[in-house]
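A.B. asks: Position in the sequence shown counted from 1, then plus 633, gives you the numbering used here. Note that beta-carbon positions come from the ideal geometry of N, C-alpha and C, so glycine has one too. Quick caveat: nothing in here was measured; it's all calculated off a predicted structure. Below is a structure I'd like to ask you about.
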Amino acid sequence: MKTQFHFNPKGPFNLSLTINSGQTSQPPWKEDNHHFQELVIVDGAPCLVKIGHEDSDPENRVNIMAESPETVSEKAIKTKVQDIFGLEHDLDQLYTFLGEDPKLKPTIAFCRGLRIFKAHNPFECIISSISSANCSILRWTRSVNDIKRRWGDGYRFSSGDFYTFPSPTVLARAPEHDLEEMQRCEDNLPLDFVFDKNLQACGVGYRAKYIINASRMVQSELNLEKLARMKYKKAFDTILQLPGVGPKVADCILLYGLGMGEAFPVDVWIKRIIEHLYFPGEELKPQEVREFGMERYGDWAGYVQLYLFHYARKSGLLESLKKK
634 MKTQFHFNPK GPFNLSLTIN SGQTSQPPWK EDNHHFQELV IVDGAPCLVK
684 IGHEDSDPEN RVNIMAESPE TVSEKAIKTK VQDIFGLEHD LDQLYTFLGE
734 DPKLKPTIAF CRGLRIFKAH NPFECIISSI SSANCSILRW TRSVNDIKRR
784 WGDGYRFSSG DFYTFPSPTV LARAPEHDLE EMQRCEDNLP LDFVFDKNLQ
834 ACGVGYRAKY IINASRMVQS ELNLEKLARM KYKKAFDTIL QLPGVGPKVA
884 DCILLYGLGM GEAFPVDVWI KRIIEHLYFP GEELKPQEVR EFGMERYGDW
934 AGYVQLYLFH YARKSGLLES LKKK
């Protein structure tokens with residue numbers, strides 16, 4: 634099955650900025666001939682989705698091409714794409730909200746069209762977010778892609794090979810390190826055999842144990858569909874039970890994995906940005922910053938966090954804060 638269609642988002646949309654903004658929902662989609670593409674499960678079927686958007690297009694169209702070994706409806710693909718890229722979010726309303734706060738208004742020019750890049754697989758977001766803790770964007774995205782290639786299901790399309798993210802059941806059984814992988818192998822291996830099908834070989838370091846144990850919990854205890862239907866507070870308390878998940882990672886999972894826009898992930902940089910903008914000369918605890926962000930920004934809290942961090946990176950504010 635192959636299909637091609639287009640539709641219009643609500644307000645501006647910067648596709649490249651959204652995909653490459655470092656959100657922990659998933660690694661960036663692969664760029665190919667002015668489109669970005671990824672293997673997405675749509676109505677239970679593997680579907681290679683290609684999305685393109687030109688800022689200069691006066692009609693503001695999002696162009697979609699999709700192919701699958703199975704029959705998938707255009708409506709289902711459109712719904713999935715709208716959900717992943719937040720294309721039903723009215724960014725003009727967001728900009729009105731940002732413009733009412735002099736501290737936030739400058740972010741609009743730096744972030745126009747930036748949208749929440751929601752996970753197409755919430756479990757992948759959990760593992761991505763755990764992998765991202767104290768880790769560079771480049772390193773954790775490489776790790777997640779390595780996990781997909783080692784344990785995901787592969788599909789060949791006209792533009793190359795793509796892989797699903799492994800299920801919790803599969804990842805729960807993954808060897809943690811070289812020694813465990815070696816112990817599971819049969820005897821008489823060649824001397825030059827490379828033990829690389831273990832989690833530490835994917836570059837996740839000490840997080841390997843967290844990933845395995847979190848996978849076991851999702852497999853046996855934590856129903857992600859029920860989690861998505863919970864109110865924010867209950868979902869936050871529930872996700873904190875996963876190994877390797879503290880408040881910041883929990884909020885990343887709820888925002889980028891489940892679309893809970895009231896989440897306000899706080900790391901050291903968001904803490905410094907909020908202190909600089911609203912509490913000069915003071916030092917707040919991360920929990921105080923989180924509560925401030927959620928109370929002040931409400932349902933836009935997740936977007937404000939995303940915009941503040943990108944603005945700080947591009948405006949030079951982050952560099953000045955690093956020197957303090």
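State yes or no: is the beta carbon of Asp870 nearer than 8 Å to at least one beta carbon in chain C?
C.D. replies: Within the model displayed, chain C is absent; a lone protein chain is all it includes.
A.B. asks: What are the start and end residues of the beta strand (DSSP E) that includes Val861?
C.D. replies: The question names Val, but residue 861 in the sequence shown is Ala. Where Ala861 is concerned, there is no enclosing beta strand (DSSP E), although the alpha helix (DSSP H) it sits in stretches over Leu857 to Arg862.
A.B. asks: My guess is that Tyr788 and Phe798 are in contact by the Cβ rule of under 8 Å, so how many angstroms apart are they, rounded?
C.D. replies: Not confirmed; about 13 Å, so no contact.
A.B. asks: Spatial neighbours of His753 within its chain, please: CB distance less than 6 Å, with the 5 preceding and 5 following residues excluded, ordered by chain position.
C.D. replies: So the qualifying residues of the chain are Val673 and Ile717.
A.B. asks: Gly890 and Ile759 - do their beta-carbons sit closer together than 8 Å?
C.D. replies: Their beta carbons are under 8 Å apart, which means Ile759 touches Gly890 by this criterion.
A.B. asks: Once DSSP output is grouped into helix, strand and coil, what is the label at Asn767?
C.D. replies: Asn767: coil per DSSP, three-state reduction.
A.B. asks: Assign Lys663 to one of three DSSP states: helix, strand, or coil.
C.D. replies: Three-state result, Lys663: strand.
A.B. asks: If you run the structure through DSSP and keep just helix, strand and coil, what is Arg789?
C.D. replies: In the structure shown, Arg789 sits in a strand (DSSP, three-state: E or B).
A.B. asks: If we count the other Cβ atoms within 10 Å of its Cβ and call it buried at 16 or more, is Ala742 buried or exposed?
C.D. replies: Counting Cβ neighbours within 10 Å, Ala742 comes out exposed, since fewer than 16 surround it.
A.B. asks: For the alpha helix (DSSP H) that contains Leu731, what are its first and last residues?
C.D. replies: Run containing Leu731: Leu724 to Gly732, per the alpha helix (DSSP H) assignment.
A.B. asks: Under DSSP, the alpha helix (DSSP H) around Lys635 begins and ends at which residues?
C.D. replies: Looking at the DSSP string, Lys635 is not in any alpha helix (DSSP H); the run it does join, the beta strand (DSSP E), is Lys635 to Phe640.
A.B. asks: Please identify the residue among Phe828, Ala805, Leu804 and Val803 whose C-alpha is closest to the C-alpha of Met815.
C.D. replies: Of Phe828, Ala805, Leu804 and Val803, the residue nearest in Cα terms is Phe828.
A.B. asks: Is there contact here, the region 643–650 with the region 706–714, by at least three beta-carbon pairs under 8 Å?
C.D. replies: No, because fewer than three Cβ pairs between the region 643–650 and the region 706–714 fall closer than 8 Å, the two stretches do not touch.
A.B. asks: To the nearest angstrom, report how far apart His810 and Leu737 are at their CA atoms.
C.D. replies: If you take the alpha carbons of His810 and Leu737, they lie about 45 Å apart.
A.B. asks: Whose CA, out of Met863, Ile780, Gly931 and Val922, lies closest to the CA of Pro660?
C.D. replies: Nearest option by C-alpha distance: Ile780.
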